[in-house]
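For reference, the structure is listed below as structure tokens.
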Amino acid sequence: MSLLQVKEVTHSYGSRSIFNWKDRSKKVLSDISLSIEEGTCLGLLGRSGAGKSTLGKVILGLERPQNGQILFQGHDIYTADNHTRKKIRRDLQVVFQDSYSSVNPRMTAERIIAEPLENYEKLTVAEQKRTIIELLERVGLSEEDLKKYPHEYSGGQLQRINIARAISLKPKLIVLDECVSSLDMVTQTLILELLRELKEDFGLSYFFITHDIKSAYTISDTLGVLEKGELVELYGSKNQFFTSEHPVVKEMRGSILSEHPRYRSVRTREKHPKSV
Amino acid sequence: MMARIRKIFRSQKVITICSMVLGILIIIAIFAPWIAPNDPIAVNLVYKLQPPSWEFPLGTDHLGRCNLSRILYGTRISLGFAMLIFISSLSIGLILGTFSGYRGGWIDHALMRFCDGILAFPNLILILGLVGIFGPGLKQVIIAIMLVQWVYYARMFRGMVLSLKEHNFIAAAKISGSSQWKIIKNHIVPNVLPPLVVMGTLEMGWAIMDISAMSFLGLGVQAPTPEWGAMIHEGKSYIRTNPEIMLYPGLVIMLVIVTFNLLGEALSDRYSIKRRF
Chain A
66 MSLLQVKEVT
76 HSYGSRSIFN
86 WKDRSKKVLS
96 DISLSIEEGT
106 CLGLLGRSGA
116 GKSTLGKVIL
126 GLERPQNGQI
136 LFQGHDIYTA
146 DNHTRKKIRR
156 DLQVVFQDSY
166 SSVNPRMTAE
176 RIIAEPLENY
186 EKLTVAEQKR
196 TIIELLERVG
206 LSEEDLKKYP
216 HEYSGGQLQR
226 INIARAISLK
236 PKLIVLDECV
246 SSLDMVTQTL
256 ILELLRELKE
266 DFGLSYFFIT
276 HDIKSAYTIS
286 DTLGVLEKGE
296 LVELYGSKNQ
306 FFTSEHPVVK
316 EMRGSILSEH
326 PRYRSVRTRE
336 KHPKSV
Chain B
104 MMARIRKIFR
114 SQKVITICSM
124 VLGILIIIAI
134 FAPWIAPNDP
144 IAVNLVYKLQ
154 PPSWEFPLGT
164 DHLGRCNLSR
174 ILYGTRISLG
184 FAMLIFISSL
194 SIGLILGTFS
204 GYRGGWIDHA
214 LMRFCDGILA
224 FPNLILILGL
234 VGIFGPGLKQ
244 VIIAIMLVQW
254 VYYARMFRGM
264 VLSLKEHNFI
274 AAAKISGSSQ
284 WKIIKNHIVP
294 NVLPPLVVMG
304 TLEMGWAIMD
314 ISAMSFLGLG
324 VQAPTPEWGA
334 MIHEGKSYIR
344 TNPEIMLYPG
354 LVIMLVIVTF
364 NLLGEALSDR
374 YSIKRRF
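Chains A and B are the protein sequences, given in the same order.
First residue of the first sequence: 66, per my numbering; consecutive thereafter.
First residue of the second sequence: 104, per my numbering; consecutive thereafter.
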């Protein structure tokens with residue numbers, strides 16, 4: 066049994082109101098089905114506005130889809146009873162793109178990481194502090210960072226704190242919603258490296274949402290491509306991405322920049338003049 | 104020590120001066136019976152409308168009562184009740200606004216349309232109307248102002264909660280397994296309260312004006328009790344011959360309101376930037 070199964074999920078935004086008789090809802094996800102196996106990483110590629118983050122929210126249980134099911138270890142997360150739901154919550158964590166808005170600006174790093182621990186683990190004050198220090202060290206920060214506030218960190222450091230919070234309960238699946246996209250190249254590599262290590266150490270699974278083909282390729286085992294709310298391609302192996310003949314995928318591939326400007330393929334750019 | 108005080112004074116001039124003025128006013132309010140040279144309500148027609156003298160530093164009013172003593176005692180009512188109004192209407196606004204913004208749905212709609220209805224009337228007219236229903240008196244005026252004032256806070260709190268709700272840390276808290284109550288307590292209230300307390304200092308000035316205005320109209324504080332607005336009200340018959348009876352309480356009201364406004368402005372400049380979003 067897969068760890069997570071998404072079954073025929075359809076979702077749209079906007080609804081009718083008193084002043085708006087016509088149904089203007091916009092479909093953002095249509096008939097999505099995919100699954101994530103334990104200990105693997107599914108990368109989801111797509112352009113801005115393709116519905117990637119919405120799918121992430123649906124999987125996290127934040128946005129109830131209009132149709133379809135999300136099965137986590139066989140339980141539907143939207144219809145499960147409170148007890149099961151609380152257990153699922155624990156195994157399903159998230160790291161968002163914008164590290165600054167993901168943390169309460171009035172809380173220290175210690176309190177940020179302590180939040181899930183307080184909710185699930187009944188630890189003594191000393192134990193909790195030790196756990197938090199261990200977590201900080203695990204993500205490459207130190208004990209001195211315990212009492213600092215978010216505005217004292219850089220984006221990369223703060224993302225590490227977000228990761229520490231996400232792994233604090235030893236979850237099974239982490240949704241990484243563009244979690245490296247707003248970082249610089251070097252930090253991106255470091256964070257991806259960290260994520261890969263954590264995956265090995267804790268046997269984590271990832272749902273890696275991104276628009277960056279390189280980082281998706283680096284970390285994923287399987288790859289999916291989302292375009293305008295539809296899952297156009299789903300590969301069992303990430304290398305299939307490079308041999309696929311689907312027009313959307315070809316366009317995406319064409320937009321990858323070469324390391325050296327001289328070898329940038331002019332041909333692919335000419336072929337898709339309208340791709341902006 | 105002195106050097107440090109001087110440094111704080113230099114970097115936060117407005118805040119220090121305003122806090123000092125407010126501190127002095129609070130001390131006056133607490134120690135009025137010891138500071139005041141005369142009994143504020145003792146009528147003595149022999150001394151009526153006296154010019155300033157050693158015995159009556161600011162002269163006397165039409166009933167021979169010491170103006171200075173009345174102003175000093177008046178601090179108690181104006182400042183104390185303004186604070187009471189501020190705290191109570193802020194609390195009501197905080198509870199209803201946060202609830203409404205966080206829950207959304209038809210409760211939010213109903214509550215906000217009600218607020219819109221109240222906001223459609225000028226403040227003073229509503230207070231007047233409510234006092235008309237409750238009957239004149241200080242207690243009734245306080246309740247009336249409170250019932251009108253919370254609407255502003257509720258609206259502001261709701262707006263801030265709505266924008267805060269979109270931030271990822273609320274979603275992250277949900278995913279961390281925090282209950283709704285815990286999210287409101289730990290994430291929402293600490294983020295909406297400080298900016299509004301700063302704005303609240305501006306509202307304090309309004310509250311003092313409202314109390315004084317009601318007293319001036321003869322609806323608030325009743326006859327012998329010293330209160331600034333009521334003093335202006337009583338002095339208005341003597342505006343041609345003895346304008347100082349109105350002038351002194353008027354100046355004090357002005358001083359307090361200017362102080363609160365400057366303080367509010369300085370505080371909001373000082374404390375509203377320490378966030379990145």
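Glycine included, C-beta positions come from ideal geometry on N, C-alpha and C.
Since this is a predicted model, take the numbers as computed values, not measurements.
Could you check the C-alpha separation between K117(A) and G111(A) for me, to the nearest Å?
7 Å
Assuming T163(B) and I131(B) make a contact with CB atoms under 8 Å, what is their CB distance in whole Å?
Beta-carbon to beta-carbon, T163(B) and I131(B) are separated by about 20 Å, too far to satisfy the 8 Å threshold.
Rounded to a whole number of angstroms, what is the C-alpha to C-alpha distance between I190(B) and G262(B)?
20 Å
8 Å is my cut-off, CB to CB: does H290(B) come that close to chain A?
yes
Could you tell me whether the Cβ of F363(B) comes closer than 8 Å to any Cβ of chain A?
no
Using a Cβ cut-off of 7 Å, which residues of the segment 170-202 of chain A contact any Cβ in chain B, in chain order?
P170, R171, E180, P181, N184, Y185
With DSSP collapsed to three states, give me the class of F184(B).
helix
Are the Cβ atoms of I221(B) and V254(B) separated by less than 8 Å?
For I221(B) and V254(B), yes; Cβs fall inside 8 Å.
Does the beta carbon of A213(B) come closer than 8 Å to any beta carbon on chain A?
no
Reduced DSSP category for G220(B) - H, G, I as helix; E, B as strand; rest coil:
helix
Check whether the Cβ atoms of I230(B) and I248(B) lie closer than 8 Å to each other.
For I230(B) and I248(B), yes; Cβs fall inside 8 Å.
Alpha carbon of E368(B) to alpha carbon of G126(B), nearest angstrom:
18 Å
Looking at I284(A): is its Cβ nearer than 8 Å to the Cβ of G108(A)?
yes
Return the chain-ordered ranges of every beta strand (DSSP E) run that is complete within the segment 86-162 of chain A and spans a minimum of 3 residues.
With a minimum length of 3 residues, the continuous beta strand (DSSP E) runs that stay inside the segment 86-162 of chain A are 91-101, 106-111, 132-137, 157-160.
Nearest to E265(A) by alpha carbon, out of Q253(A), L125(A), E73(A), K237(A)?
K237(A)
Ignore the nearest five residues each way along the sequence and tell me which others in G240(B)'s own chain have a CB closer than 7 Å to its CB.
Q325
Check the Cβ of L127(A) against every Cβ in chain B and list those closer than 8 Å, keeping chain order.
Going along chain B in sequence order, the residues near L127(A) (Cβ under 8 Å) are A274, K277, I278.
From the beta carbon of P298(B), is the nearest beta carbon of chain A less than 8 Å away?
no
Residue range of the beta strand (DSSP E) that L299(A) falls in?
295-300
In the DSSP assignment, find the alpha helix (DSSP H) that holds E73(A) and state where it starts and stops.
Segment 69-78 is the beta strand (DSSP E) holding E73(A); no alpha helix (DSSP H) there.
Which partner residues does V290(A) have in the DSSP bridge list?
L110(A), E298(A)
Can you grab the Cα-Cα spacing for the pair K242(B) / P136(B), in whole Å?
23 Å
Would you kindly work out how many angstroms separate the C-alpha atoms of S192(B) and Q252(B), rounded to a whole number?
6 Å
Residue(s) in a DSSP beta bridge with S279(B)
BP columns for S279(B) are empty, so no partner.
Through-space distance from T252(A) to Q283(B), alpha-carbon basis
35 Å
Under 8 Å, do G220(A) and L248(A) count as touching if we go by C-beta distance?
yes
Does any C-beta atom of chain A lie closer than 8 Å to the C-beta of S281(B)?
yes
First through last residue of the alpha helix (DSSP H) which encompasses S270(A)
From DSSP, S270(A) is part of no alpha helix (DSSP H) but of the beta strand (DSSP E) over 270-275.
Residue of S122(B), M259(B), T344(B), K110(B) minimising C-alpha distance to I360(B)
S122(B)
Here's the rule I'm using: 16 or more other beta-carbon atoms within 10 Å means buried, otherwise exposed. How should E337(B) be labelled?
buried
Simplified DSSP state of T163(B), which is helix, strand or coil
Of the three classes helix, strand and coil, the one that applies to T163(B) here is strand, per DSSP.
In three-state DSSP terms, what is C121(B)?
helix
Please name the residue in S100(A), T75(A), V160(A), N169(A) whose C-alpha comes closest to that of N385(B).
Outside the modelled stretch of chain B, which goes from 104 to 380, sits residue 385(B), for which no answer is possible.
At least three beta-carbon pairs within less than 8 Å, the segment 105-123 of chain B to the segment 144-151 of chain B
Cβ pair count under 8 Å is below three, so no.
Less than 8 Å between CB atoms is the rule here; does K264(A) satisfy it with respect to chain B?
no
Can you have a look at Y78(A) and say buried or exposed, based on whether 16 or more other CB atoms are within 10 angstroms of its CB?
So Y78(A) ends up on the exposed side.
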